[in-house]
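Trainee:
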Amino acid sequence: MDTMRTRILAGLFMLMTIIASSLSADVPKPYTPVKALVGEFRCLGRMTKLGPMLLPTQITAADKPLLISPIHLAADAGAFDGIKGKANLISNDGNSAVWEWKGGSSAFTIAVRMTAQCDGFQWYDITLTPKQPVKLSSLRLEVPRSEPTARYIHAAAFQWGGQLTSGLREYGGKWNQKFVPYVWLGDEDRGLAWTAESAQGWRLDADTHALHIETNGGTALFVTTFLDHEETISSPIKISFGLQATPVKPVSFAWRAKARIFHDIHYQDGEPDAQGKILLDTLKDAGVKTVVFHDMWPAYYGQLIPEKPEELRKLIAECHKRGMRMLVYIGYGLARNAPEMQVKGRHDEWSVLPLIPWVPGYKPEFRTFDATCARSGFQDWLVAGIDKLFTDYDLDGLYFDGTTEAWKCENEAHGCGWRDKDGNLHPDNPVLAVRTMMRRIADTVRKHKPDAMLDAHMSASLTMPTLSFMDSYWDGEQYETYTAADKVEIPLDAFRAEFMGYAHGLDAEFLCYINRPFTTDEAIAIAGLHGVEVRPDGIAQVDPVSRLWAVYDRFGMPSAKWLPYWKGSGVECGDSSVKASAWSKDGRALLFVSHLKREPLTTVLHLDRKQLGLGKGTLNATDALTGAVLPTNGDSLSLSFTSMEYRLIEVRE
Ligand SMILES: [Zn+2]
17 MDTMRTRILA
27 GLFMLMTIIA
37 SSLSADVPKP
47 YTPVKALVGE
57 FRCLGRMTKL
67 GPMLLPTQIT
77 AADKPLLISP
87 IHLAADAGAF
97 DGIKGKANLI
107 SNDGNSAVWE
117 WKGGSSAFTI
127 AVRMTAQCDG
137 FQWYDITLTP
147 KQPVKLSSLR
157 LEVPRSEPTA
167 RYIHAAAFQW
177 GGQLTSGLRE
187 YGGKWNQKFV
197 PYVWLGDEDR
207 GLAWTAESAQ
217 GWRLDADTHA
227 LHIETNGGTA
237 LFVTTFLDHE
247 ETISSPIKIS
257 FGLQATPVKP
267 VSFAWRAKAR
277 IFHDIHYQDG
287 EPDAQGKILL
297 DTLKDAGVKT
307 VVFHDMWPAY
317 YGQLIPEKPE
327 ELRKLIAECH
337 KRGMRMLVYI
347 GYGLARNAPE
357 MQVKGRHDEW
367 SVLPLIPWVP
377 GYKPEFRTFD
387 ATCARSGFQD
397 WLVAGIDKLF
407 TDYDLDGLYF
417 DGTTEAWKCE
427 NEAHGCGWRD
437 KDGNLHPDNP
447 VLAVRTMMRR
457 IADTVRKHKP
467 DAMLDAHMSA
477 SLTMPTLSFM
487 DSYWDGEQYE
497 TYTAADKVEI
507 PLDAFRAEFM
517 GYAHGLDAEF
527 LCYINRPFTT
537 DEAIAIAGLH
547 GVEVRPDGIA
557 QVDPVSRLWA
567 VYDRFGMPSA
577 KWLPYWKGSG
587 VECGDSSVKA
597 SAWSKDGRAL
607 LFVSHLKREP
617 LTTVLHLDRK
627 QLGLGKGTLN
637 ATDALTGAVL
647 PTNGDSLSLS
657 FTSMEYRLIE
667 VRE
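Position 646 of the sequence shown, counted from 1, bears residue number 662 in this note's numbering, the numbering being contiguous throughout.
Okay, structure coming up:
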């Protein structure tokens, strides 16, 4: 009997193991299988309680509740009175769980289908069917956020204009906007994103108020308005949108210390140059750990085969010999003249409409292309091509340029665009298709190389539904149209909203071409203060960044306690144009002090020893970059700046 029982138990255990592993087999790291109950959705780092219509009654992210009261649909008094219904959990394979809710209110029969995925993305399809024709003057989704967790806004339109990145308080606490496909509200550590692919079915007289935020006391109320004037509703209303709490995954300085990306290298960079120097050696000595081959690795823009196959193999091998990883560029289209684009009808079926052309000055006959849509055949072509690329070459990851953008598209040839009651065509932003494409690419790459690095350049569209399966993002190109003469300043609240990834769940790097608009040191001054690195773009930016890496390594920064200025770093600055963040470790502190005005200044820093983990004896301060000793006066330190500059200062007893 015992043997039989043991066998049965062993069999059961094996079966459970199989079920468990099959559940988690497809869930990409670091995500964990979805945990679903009828009234609850859990995923990595986040928990959502589901109420009527499966809408969240509370969402917890990074250990704090995001809502002041439940998310709900609101309409004229009475329309949602007496709402009741029944939720069912239909399926959960670990990757994705599906719920349905069927019920009604005094005015509507209501059907809801909600899908929630391992990265925390939830998609709602809600159908309101009037029981009899009902007169309504307002219908809206209300998301009542706890204001302290909604102090920053990032609204993105998958283009350089039409978005907002700001502190919400700094913006005045109020916001009205035409439809944009993505709105995130958060603090420095967490947030909640809302997304929709279009305003299809929204019945608005004043579309400038489609999206609305109002802060009042401790509440930041985010509202999407579907109806703003009196209408008699006699046919079903369909409402679709997504929600995603963030951070989608933890962000660590340790990951970044292993990444250290250089942009960009070319076929010849594993060979000695005219002076006998090999660029890869220079980069290795500087501390670079990852290199990116930009868009010129294939003959035509967007091709997925190298122009020089054997040279690519050799270059990869030369990188690996030096312990460096190599990524290649993936874009958002395929050159008009590429042989693969000559298939009849392909260009017109793949392209977004209206066309978004790119006509570069250099080699336009090989590189001119039109942006493609993830809803078209381009998606399958791209995924299959990447699969083949990783079968044929020992690459270590991919760099995406615009691939994560859900470009505005009304190309009916592949199912984009929608027509209003007068037959006018309107565009979609195909967020779901781009999300699917990026997930498929991530799965494909990691099938070949489980620890592959996926890095996205997406300036101005930090949209987690399309980015959550990436590791890192590179953001800042939206400022390149300015020059040094414009003396651009990025408000610190805007930088905290979009350019540091902690609250979103991706490692962030700042992009700055030299003097467009910042010098490298100015870019480091603003980015480094936020614990964000400036990615060297070309050899001229390597030295200034490499010097920081050496200091961080010497100090042991990845395992130190991070004390950013917005949480009280323990460094009080005597002038408001100076901010300081710090790392603390083993009785030492590393201060990142930035002066953010382009004018001279002498100021005094006052150090809070307890906060910085410093002892009670005499303080010794050194410039961590030059080794120069800096005089201290008790707990104070005097610093002089000539312009917008930073200092890295190590302080110990
Ligand atoms: Zn399209």
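Every residue, glycine too, gets a C-beta built ideally from N, C-alpha and C.
Would you kindly check if the distance between the Cβ of R663 and the Cβ of W582 is under 8 Å?
Mentor: For W582 and R663, no; Cβs fall outside 8 Å.
Trainee: Is any heavy atom of ligand 1 found at a distance shorter than 7 Å from the C-beta of H430?
Mentor: Because some heavy atom of ligand 1 lies under 7 Å away, the Cβ of H430 counts as near it: yes.
Trainee: If you draw a straight line from the C-alpha of G413 to the C-alpha of D553, how long is it?
Mentor: Roughly 18 Å separates the two Cα atoms.
Trainee: By the 10 Å Cβ neighbour count, where 16 or more other Cβ atoms means buried, how is I555 classified, buried or exposed?
Mentor: Burial call: exposed.
Trainee: Is it a yes or a no for the stretch 391-405 touching the stretch 330-343, going by three-plus beta-carbon pairs under 8 Å?
Mentor: No: fewer than three Cβ pairs fall under 8 Å.
Trainee: Based on DSSP bridge pairs, tell me the residues matched to Y198.
Mentor: Its beta-bridge partners are A172, T211.
Trainee: May I ask whether a heavy atom of ligand 1 can be found less than 7 Å away from the beta carbon of C389?
Mentor: Correct: C389 has its Cβ closer than 7 Å to ligand 1.
Trainee: For A77, collect the residues of the same chain with a Cβ closer than 6 Å to its Cβ; drop the 5 residues on either side in sequence, then sort them by chain order.
Mentor: The residues are R62, R206, A261.
Trainee: So, with DSSP's three-state summary, where would you put C335?
Mentor: The answer is helix: DSSP assigns C335 an H, G or I state.
Trainee: Spatial neighbours of K102 within its chain, please: CB distance less than 8 Å, with the 5 preceding and 5 following residues excluded, ordered by chain position.
Mentor: W117, K118, G119.
Trainee: Mind checking L612: buried by the 16 CB within 10 Å criterion, or exposed?
Mentor: So L612 ends up on the buried side.
Trainee: So the candidates are L478, L522, Y498; which of them puts its Cα closest to the Cα of A510?
Mentor: Nearest option by C-alpha distance: L478.
Trainee: Does the stretch 616-632 come into contact with the stretch 495-503, if we say contact requires no fewer than three beta-carbon pairs (one atom in each stretch) closer than 8 Å?
Mentor: No: the two stretches stay apart, fewer than three of their Cβ pairs being nearer than 8 Å.
Trainee: Alpha carbon to alpha carbon, how far is S484 from E514? Give it in angstroms, no decimals.
Mentor: Roughly 15 Å between the two C-alpha positions.
Trainee: Let's see if you can read the secondary structure: which residues bound the alpha helix (DSSP H) around M453?
Mentor: Looking at the DSSP string, the run of the alpha helix (DSSP H) that includes M453 is 447-464.
Trainee: Of all Cβ atoms in chain C, is any one closer than 8 Å to the Cβ of K151?
Mentor: Of the chains in the structure shown, none is chain C; there is only one protein chain.
Trainee: Return yes when the C-beta of P446 is under 7 Å from any heavy atom of ligand 1, and no when it is not.
Mentor: True, at least one ligand heavy atom lies under 7 Å from that Cβ.
Trainee: May I ask you to report which of helix, strand or coil DSSP gives D285?
Mentor: Correct three-state label for D285: helix.
Trainee: Check whether the Cβ of N440 lies closer than 7 Å to any heavy atom of ligand 1, and answer yes or no.
Mentor: N440 Cβ: outside cutoff for every heavy atom of ligand 1.
Trainee: Name the DSSP beta bridge partners of I249, please?
Mentor: V150.
Trainee: Can you give me the C-alpha to C-alpha distance between E549 and Y198, rounded to a whole angstrom?
Mentor: Their Cα atoms are separated by approximately 26 Å.
Trainee: For S654, name the three-state secondary structure that DSSP assigns.
Mentor: Correct three-state label for S654: strand.
Trainee: Tell me whether R570 is buried or exposed, calling it buried when 16 or more other Cβ atoms sit within 10 Å of its Cβ.
Mentor: Under this definition R570 is an exposed residue.
Trainee: With H, G and I counted as helix, E and B as strand and the rest as coil, what does DSSP make of W139?
Mentor: Of the three classes helix, strand and coil, the one that applies to W139 here is strand, per DSSP.
Trainee: Using a threshold of 8 Å, state whether the C-beta atoms of S610 and K595 are closer than that.
Mentor: Cβ distance < 8 Å, so S610 and K595 count as in contact.
Trainee: Between I281 and the rest of its own chain, which residues show a CB-CB distance below 6 Å, the 5 nearest in sequence each way excluded?
Mentor: Same-chain partners within the cutoff: V307, F309.
Trainee: I need the DSSP call for P355, collapsed to helix, strand or coil.
Mentor: If DSSP states are grouped into helix, strand and coil, P355 belongs with the helices.
Trainee: Going by the DSSP bridge assignment, what does N649 pair with across the sheet?
Mentor: For N649, which the question treats as bridged, DSSP gives the partners S652.
Trainee: Which word fits G318, buried or exposed, when buried means at least 16 other C-beta atoms lie within 10 angstroms of its C-beta?
Mentor: Label assigned to G318: buried.
Trainee: Quick one: is L290 buried, meaning 16 or more other Cβ sit within 10 Å of its Cβ, or exposed?
Mentor: Looking at the sequence provided, one finds Ala at residue 290 rather than Leu. When all chains shown are included, A290 counts as exposed.
Trainee: May I have the straight-line CA-CA distance separating L320 from L405, to the nearest angstrom?
Mentor: One C-alpha to the other measures close to 7 Å.
Trainee: Out of S585, D523, P560, V267, state which residue places its alpha-carbon closest to the alpha-carbon of A539.
Mentor: Selected option, being the one with the closest Cα: P560.
Trainee: Am I right that Y415 and D471 are in contact with their C-beta atoms under 8 Å? What's the rounded C-beta distance?
Mentor: That belief holds up - the Cβ atoms of Y415 and D471 are roughly 5 Å apart, short of 8 Å.
Trainee: Between P466, G631, V43, which lies nearest to G136 when the distance is taken from Cα to Cα?
Mentor: Nearest C-alpha to G136: V43.
Trainee: In the DSSP output, which residue or residues are listed as bridge partners for L105?
Mentor: Its beta-bridge partners are W115.
Trainee: Three-state secondary structure (DSSP) at D624?
Mentor: Three-state result, D624: coil.
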